[in-house]
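For the sequence shown, my numbering begins at 29 and goes up steadily by one. Encoded as structure tokens, the structure appears first; notes follow it.
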Amino acid sequence: MDPFDRTSRKAEYARLTFDLDADLSTMFNWNTKLLFAYMTVDYTTPGFETNRVVIWDRIIRNQRQAKLKLRKHHNKYALRNHPLTFEDVEGANLTLHINPVPYLGIMYDKPMVSLPFTIPRPTKPKA
Numbered sequence: 029m030d031p032f033d034r035t036s037r038k039a040e041y042a043r044l045t046f047d048l049d050a051d052l053s054t055m056f057n058w059n060t061k062l063l064f065a066y067m068t069v070d071y072t073t074p075g076f077e078t079n080r081v082v083i084w085d086r087i088i089r090n091q092r093q094a095k096l097k098l099r100k101h102h103n104k105y106a107l108r109n110h111p112l113t114f115e116d117v118e119g120a121n122l123t124l125h126i127n128p129v130p131y132l133g134i135m136y137d138k139p140m141v142s143l144p145f146t147i148p149r150p151t152k153p154k155a
């Protein structure tokens, strides 16, 4: 929670737990300096057609680091909607993206896999 953000005390945050198994070693070749892997949550709201929040990232510098096996891993960055609530969010997609960074040439974004999920509604305390 950011102590300088006035909205952070009122906002809903989503904490995700995910497993990830990926062997990205085949993406390395003579022109690959590193891979930048990141995970996004994509969803729509009535006010905005496209919402994309980065929740996790990793820099992969060699083929040995390219074998990812994460268990019960949590989001690295906060998942918070702009209107401070997830009330109008019906469904979302969790997407793994890979950016190969070449020694020479153009960078590109490669979405690898996308999985649908539902952001749960907060439970209200019983009176």
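Built from N, CA and C at the ideal position, the CB exists for glycine as well.
Test item: CB-CB of residue i and residue j under 8 Å
i            : j             : result
alanine 94   : isoleucine 88 : yes
tyrosine 66  : aspartate 85  : yes
threonine 73 : aspartate 137 : no
leucine 44   : valine 129    : no
valine 141   : leucine 107   : no
glycine 119  : proline 148   : no
Outcome for residue i when other beta-carbon atoms lying within 10 angstroms are tallied against a minimum of 16
i                 : result
proline 139       : exposed
tyrosine 105      : exposed
tyrosine 71       : buried
asparagine 57     : exposed
aspartate 109     : The sequence shown places asparagine at residue 109, rather than the aspartate named in the question. It counts as buried.
phenylalanine 114 : buried
asparagine 103    : buried
Given residue i as reference, the closest of the options once Cα atoms are compared
i              : options                        : result
serine 53      : His101, Leu96, Pro144, Thr146  : Leu96
isoleucine 134 : Arg92, Phe76, Asn90, Thr60     : Thr60
leucine 98     : Leu112, Lys38, Asp51, Glu118   : Asp51
alanine 39     : Pro111, Asn127, Tyr131, Thr146 : Pro111
Span of the beta strand (DSSP E), counted from its first residue to its last, around residue i
i              : result
leucine 52     : Neither: leucine 52 is in no beta strand (DSSP E) and is coded neither H nor E.
arginine 86    : 79–88
isoleucine 126 : 120–130
alanine 65     : 60–71
methionine 140 : 138–145
histidine 102  : 95–102
Checklist entry - Would the region 72–82 and the region 110–125 be scored as touching if the rule is three or more Cβ pairs under 8 Å? => result yes
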